[in-house]
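First comes the structure, then the notes that go with it.
4 protein chains.
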Amino acid sequence: MSGSTFGELFRVTNFGESHGPAIGCVIDGCPPGLALSEADIQPELDRRRPGTSRHVTQRNEPDAVEILSGVYEGQTTGTPICLLIKNTDQRSKDYGNILDTFRPGHADYSYWRKYGLRDPRGGGRSSARLTAPMVGAGAVARKWLKQQYGTEFRGCMTQLGEMEIAFEGWQHVGANPFFAANTSQIAALEDYMDALRKAGDSCGARILVEATGVPVGLGEPLFDKLDADIAYAMMGINAVKGVEIGSGFASVAQRGTEHGDELTPTGFASNNAGGVLGGISTGQDLRVSIAIKPTSSIRSPKASIDRAGSPSTVETFGRHDPCVGIRATPIAEAMLALVLMDHALRHRAQCGDVQHQLPAIAAQRP
Amino acid sequence: MSGSTFGELFRVTNFGESHGPAIGCVIDGCPPGLALSEADIQPELDRRRPGTSRHVTQRNEPDAVEILSGVYEGQTTGTPICLLIKNTDQRSKDYGNILDTFRPGHADYSYWRKYGLRDPRGGGRSSARLTAPMVGAGAVARKWLKQQYGTEFRGCMTQLGEMEIAFEGWQHVGANPFFAANTSQIAALEDYMDALRKAGDSCGARILVEATGVPVGLGEPLFDKLDADIAYAMMGINAVKGVEIGSGFASVAQRGTEHGDELTPTGFASNNAGGVLGGISTGQDLRVSIAIKPTSSIRSPKASIDRAGSPSTVETFGRHDPCVGIRATPIAEAMLALVLMDHALRHRAQCGDVQHQLPAIAAQRP
Amino acid sequence: MSGSTFGELFRVTNFGESHGPAIGCVIDGCPPGLALSEADIQPELDRRRPGTSRHVTQRNEPDAVEILSGVYEGQTTGTPICLLIKNTDQRSKDYGNILDTFRPGHADYSYWRKYGLRDPRGGGRSSARLTAPMVGAGAVARKWLKQQYGTEFRGCMTQLGEMEIAFEGWQHVGANPFFAANTSQIAALEDYMDALRKAGDSCGARILVEATGVPVGLGEPLFDKLDADIAYAMMGINAVKGVEIGSGFASVAQRGTEHGDELTPTGFASNNAGGVLGGISTGQDLRVSIAIKPTSSIRSPKASIDRAGSPSTVETFGRHDPCVGIRATPIAEAMLALVLMDHALRHRAQCGDVQHQLPAIAAQRP
Amino acid sequence: MSGSTFGELFRVTNFGESHGPAIGCVIDGCPPGLALSEADIQPELDRRRPGTSRHVTQRNEPDAVEILSGVYEGQTTGTPICLLIKNTDQRSKDYGNILDTFRPGHADYSYWRKYGLRDPRGGGRSSARLTAPMVGAGAVARKWLKQQYGTEFRGCMTQLGEMEIAFEGWQHVGANPFFAANTSQIAALEDYMDALRKAGDSCGARILVEATGVPVGLGEPLFDKLDADIAYAMMGINAVKGVEIGSGFASVAQRGTEHGDELTPTGFASNNAGGVLGGISTGQDLRVSIAIKPTSSIRSPKASIDRAGSPSTVETFGRHDPCVGIRATPIAEAMLALVLMDHALRHRAQCGDVQHQLPAIAAQRP
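Here the protein sequences line up with chains P, R, D and B, keeping their order.
Per full-length UniProt numbering, the first sequence starts with residue 1, numbered consecutively.
Per full-length UniProt numbering, the second sequence starts with residue 1, numbered consecutively.
Per full-length UniProt numbering, the third sequence starts with residue 1, numbered consecutively.
Per full-length UniProt numbering, the fourth sequence starts with residue 1, numbered consecutively.
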């Protein structure tokens, strides 16, 4: 409602600013009895962490997560879990030059117009740094979903700027700084980013995320559709400008005879739907693709105005990701996990845990 | 939460099924004192109505709206407005052949798996007919937003199947059955649809919707972002598989120097953002594009299974839109209006009605 | 949020006004597969219905309920259930004398100040008539709770004006017009009401409601406590000015040694708690008591002001209950059922259906 | 929903446990531009703080509040405000004897049944210590409401155990450890508490809270009534068993001729309503009374069972308030402020800031 809480039944309330003392979140509604410690959460935060390659911001944050509440003797108690991440490497002076003017493409302007004042240090509340607590919350959701249903999440970059990245295998994703499911194009991607950085410019990216082992029947019929909630979650990630489910925009040019995924006694014959029909999961893999725009904080000068409305020019120094899409894969996975977690609990509420299984195609679920 | 309510402060609760006695909605939170009668709502319903050309379903529904509550002596009272639309042309027997099997690409399967039973008459609750009450509610939102801020909504089809439709002018939209902002391609579109119908097949469409005269500052910072809520609203429309804001997926291949819309004392120099920065409206036109998949109810036979999991074949007779995208434009406009209405009220709650105007660029708002 | 929806997971949205064409509600989130027809709902509405004795309003409404959606072949489908009750005996002219002035103790004044206008016909939206759809929704909740957990609801009047009514047995409640669990005082109650009616005055009442067979563990820890939600539901019933759980205000003068209900291997030894500890149900009977103020619409003249702020005198004619408490018992039972239903679904969401039973005291639950 | 968030538009999410590292809350939806620092909040926390007299728990907590986010250069930014209060004086070993058994009258039992496990240290999440962050959040609400509308809050104890406390003047409330609006009975109250403590027993209390300078028109018509939300807030405070608005349970024995507050050109002639009619504020003072049960943690032995269901005896040592009502006054004031704050924002959303004033009685509002 007021913009800092995600989810209805697995409810994550996020707080903090890029350059305040700490960021974090409160997770309310986690089922009791889940074994949980910081060690379950930290690895996901490490995947998203800044400063891990020359292609991302050089801000050096350990992003060490601390559980402040909701866990007793190694188990969740059913009461709210507070995750705290201290900010350690703020350099607010880097941002001095944008105090009175607005970066084109950045939230500086809209925040200032909405609230009449803003915290300019590192983008304040509009910083992508605020995705860190969501990655933490996502790790909790992932652990529960995996134990309960065998659901797992994965993602990869499929396009960097104008370069499409061929899918060569999920095993490659962790072996390069781009989350590319690819080995042959990594050198080219590195060169591309080096050139971009030298030019003081930035580029966009396209990310694919998937969930496997998805329970059937998640999602509500008219609103609160599973795909609508996924679209909401994804479009809410910083810099995202487009979301597709399954065949997405390509489905416009498909015929009905081609698009509708046929059913067989052993499962679906294709997955144009991306795992959702009528807003409700089919048990197939969820497939979601998102478009991330180029970073708006760039060294190259751009025309803008100042707070009095007079013309001005902005060049952004400080430490920025030249492509925010590079670190977006674990974020998108986490948001997808949070949506599924919330819907898994909603489904239990109304329909109970019983699955109305078709015996013959039960095999498609782990 | 349970899937039938849209919005937080301008809250629309939808009820009914395609072949039940009536469909409708309850609008809660409408500001008091708005002059309102059925005559404000009916024209929008007429734009969406079935049976208006040979390219849409021949189901003949007048879709006459009745206001059951919330209006006294021609003005809204601030209490809930119930809109009722009676179903008059149900032919449930048309659907007899899909009672025990599942149309590929349709919600038949996922509903049945979720609930363990389903109402098969006309798709029951998953029917696109349930968008009619939303168009009605949207008309109320449109009237208030226009009076309060001068906000207006418009939309057009930009692609039908594989045919891109050139934009020739908004004035053409009402003059053809496709909501195309075009005159020169209409004959070709008619031929395309005639051929498709003869083939017993269906196709997708791409729709653009816009809002003009948008107040600055609508949308919340981290979640409940304006663009995220738009994505949610759009992806929730039947058959939508993709949503873009502003330059959308094209922004992936843009550079930061190109994408970020420069500010000048008289307004923005471009609109790659589509009217939203950091989840908050900038006062520019909102621009949203959606992908609609081909209708899943087609005459051509497709492989499926029955409720016992045995192989079966489905051919759908009955009266279906061969391209659900044809009637989607007024629906998408209505959903966009509902999102803006809700955020306009949210903004008043937290920030009041005061606009933090930059005097020099005030001109961009009506 | 906007005042017309009750509940989070079993969500009832109420619409209509006392003298509009119809009143009703939309129930969203009802579990699928519940056998349901009008015959399950009508008896509860009949218990609340006006015109059944000389001690209540003589407005003659059959209050016949119609299910407009959400039920297919006699079973709930999991989609929204719309209940419609047509208004048949409106006499709006009866209210002509209160168009421009405000009844002391009535919502006339506060509505007018809130919205700047109001529907004066029969109190419009502030009429107790709007409880009828809640009684209907409550009947659905009662049926599900009884089937699932054996939960049942009952209530009685324990005080009428200054007369305390002795509890003689639940079996008497249906045998007198007061919902008194009593036979010996009925004649005295009749005389009391006859005298009051002749005097053109009104009185208050105190009602006790209980739930038996309550599952253990319903309610949330800090907010959304079961007793807090019950207090919300009860205080929201027209004319209620006080709510007690268990020993209520009497607990102020109790000692800790007396108040705390001891546990034994076969159950609790007493029920000062009223069935709730720390906001969570204990499995004991829920016990709730409410205070209902005297009706504000009375024939005796009272001082007031008109819309211009000038002094005026109000005498209310028309058909009013001289004690709104007389028909309040089925309403309070219904609201208690709705609270429990919502919490039963919330509990399933977070904790699943498993009950953490103490084997030795399981006997206290049916 | 999941029990840790209070409010809809001024939304406070509470986290922490009595004996964890810290407790706190996240306030979302605070209007931007409010001057705010810890100095605005700490005084209210100091009023509620333990260890301030011999009549309350001797746990020595400074309850020093720290603002972690949402304030920039001394002003609220409109983004979430995180308040953190570190726990410094936990002595978890004090609670060792209640690990395996359940205190009669305490949430030990219901928590364990709900979640299947519980954090026994100091009551974990069910501790009254969790009201501290709400008092902090309440201080923010109070500051805004006072600036915006002149609204103020006050409260006092009106009964301690069986002793009624005469109202002698608001000025006395801060001058004694009981929040009594009284000087003449203080010595007797001290003696009463000393005797109770020696006896190893506890007692209840009755608290009155008021708001003055209340805007007209707050509250929603059917649900989300102002008085219903107050009842919810009050019944949610630890140990509360009853809530009254205005004349409360006494209204049962009133006649309509007596109860309905007459209106005059200069204001209301009485306040039986307690400031609310039809769920909506009238501009009169809000008057709320609550009943607090005796503390369940007492030294005197009581019968109980252990986790296996076998009989056991509980005596509670550790540091407990012998009357939790003694520190309840600032808590009840804070909760009342949070309810009004939320409704003030809701009202702005739907009706705007305009007040529909009766000129002649405008004087009753500051």
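Note that beta-carbon positions come from the ideal geometry of N, C-alpha and C, so glycine has one too.
{"Item": "Any idea which residues DSSP pairs Ile67/P with across the strands?", "Value": "Leu83/P"}
{"Item": "Which whole-angstrom value is the C-beta distance of Asp28/D and Gly3/R, which I expect to be below 8 Å?", "Value": "7 Å"}
{"Item": "Hey, quick one: how far does the alpha helix (DSSP H) through Ser110/P stretch, first residue to last?", "Value": "Asp108 to Tyr115"}
{"Item": "Quick check on DSSP: helix, strand or coil for Ile186/B?", "Value": "helix"}
{"Item": "With H, G and I counted as helix, E and B as strand and the rest as coil, what does DSSP make of Gly267/P?", "Value": "strand"}
{"Item": "Could you name the residues of chain D that Gly29/P contacts, counting a contact when the two beta carbons are closer than 7 Å?", "Value": "Gln350"}
{"Item": "Closest to Ala137/R by C-alpha separation, out of His347/R, Gln159/R and Ile331/R, would be which residue?", "Value": "Ile331/R"}
{"Item": "Under 8 Å by Cβ, that's how I've got Ala334/B and Met134/B pegged, so tell me the actual separation to the nearest angstrom.", "Value": "5 Å"}
{"Item": "Does Pro330/D come out as helix, strand or coil in the three-state DSSP assignment?", "Value": "helix"}
{"Item": "In terms of residue numbering, what span does the alpha helix (DSSP H) encompassing Glu210/P cover?", "Value": "Element bounds for Glu210/P: not the alpha helix (DSSP H) but the beta strand (DSSP E), Ala205 to Thr212."}
{"Item": "Tell me whether the region 15-26 of chain P and the region 68-84 of chain P touch, counting them as touching only if at least three CB pairs, one residue from each stretch, are closer than 8 Å.", "Value": "yes"}
{"Item": "Using the rule of at least 16 other Cβ atoms within 10 Å of the residue's Cβ for burial, across every protein chain shown, is Ile361/B buried or exposed?", "Value": "Its pLDDT being 46, under 50, Ile361/B is placed unreliably by the model, and the measurement read from it follows with that caveat. The residue in question, Ile361/B, is buried, as its Cβ has 16 or more Cβ neighbours within 10 Å."}
{"Item": "What residues in the region 72-84 of chain R have a beta carbon less than 9 Å from any beta carbon of chain B?", "Value": "Gly78, Thr79 and Pro80"}
{"Item": "In whole angstroms, give me the CA-to-CA distance for Ala139/D and Gln42/D.", "Value": "8 Å"}
{"Item": "From Gly16/R to Ser69/D, what distance separates their C-alpha atoms?", "Value": "5 Å"}
{"Item": "Near Val12/P, what residues of its chain come up, given a Cβ to Cβ distance below 6 Å and the 5 sequence neighbours on each side ignored?", "Value": "Phe6, Cys25, Ile27 and Ala137"}
{"Item": "Determine contact between the region 154-173 of chain B and the region 34-51 of chain B, defined as no fewer than three beta-carbon pairs at a distance below 8 Å.", "Value": "no"}
{"Item": "Keeping to the same chain, check which residues put their C-beta closer than 6 Å to that of Asn60/P; ignore five residues upstream and five downstream.", "Value": "Gly51 and Asp89"}
{"Item": "Do you know whose CA, among Ser37/D, Arg54/D and Pro221/D, lies nearest Ile67/D's CA?", "Value": "Ser37/D"}
{"Item": "Tell me which residues of the region 8-23 of chain D have at least one Cβ-Cβ distance to chain R shorter than 9 Å, keeping chain order.", "Value": "Glu8, Leu9, Phe10, Arg11, Thr13, Asn14, Phe15, Gly16, Glu17, Gly20, Pro21, Ala22 and Ile23"}
{"Item": "Tell me whether Lys225/R sits in a helix, a strand or coil according to DSSP, three-state version.", "Value": "coil"}
{"Item": "Under 9 Å, CB to CB, which of the residues in the region 189-206 of chain R have a partner in chain P?", "Value": "Leu196, Ala199, Gly200, Asp201, Ser202, Cys203, Gly204, Ala205 and Arg206"}
{"Item": "Please list the terminal residues of the continuous alpha helix (DSSP H) segment that includes Gly136/B.", "Value": "Thr131 to Tyr149"}
{"Item": "In chain order, which continuous runs of the beta strand (DSSP E) of length 3 or greater are located wholly inside the region 251-315 of chain R?", "Value": "286-292, 302-305 and 311-314"}
{"Item": "For Asp119/R, would you say it is in contact with chain B, using Cβ-to-Cβ distances shorter than 8 Å as the test?", "Value": "no"}
{"Item": "Since His106/B meets chain D, which of its residues come closer than 9 Å, beta carbon to beta carbon?", "Value": "Gly260, Leu277 and Gly278"}
{"Item": "For Arg348/P and Ile298/D, what's the separation of their Cα atoms in angstroms?", "Value": "50 Å"}
{"Item": "Quick check: what's the CA-CA separation for Leu130/R versus Arg49/R?", "Value": "12 Å"}
{"Item": "Looking only at DSSP bridge pairs, what is Gln159/B linked to?", "Value": "Glu164/B and Arg206/B"}
{"Item": "Among residues of its own chain, excluding the 5 on either side of Val339/P, which ones have a beta-carbon nearer than 6 Å to its beta-carbon?", "Value": "Asp229, Ile230 and Ala233"}
{"Item": "Kindly indicate which three-state DSSP category Asp100/P falls into: helix, strand or coil?", "Value": "coil"}
{"Item": "Taking Cβ-Cβ distances shorter than 7 Å, what residues in chain P pair up with Pro133/B?", "Value": "Under the 7 Å cutoff, chain P gives no residues; its nearest Cβ is about 11 Å from Pro133/B."}
{"Item": "Measuring only between beta-carbons, confirm whether Arg255/P sits less than 8 Å from chain B.", "Value": "no"}
{"Item": "Just to confirm, are Ser281/P and Gly275/P a CB contact at a threshold of 8 Å?", "Value": "yes"}
{"Item": "Leaving out the 5 sequence neighbours to the left and right, which residues in its chain are closer than 6 Å to Arg346/B when beta-carbon positions are compared?", "Value": "Leu9"}
{"Item": "Specify the secondary structure class of Val12/P as computed by DSSP and reduced to three states.", "Value": "strand"}
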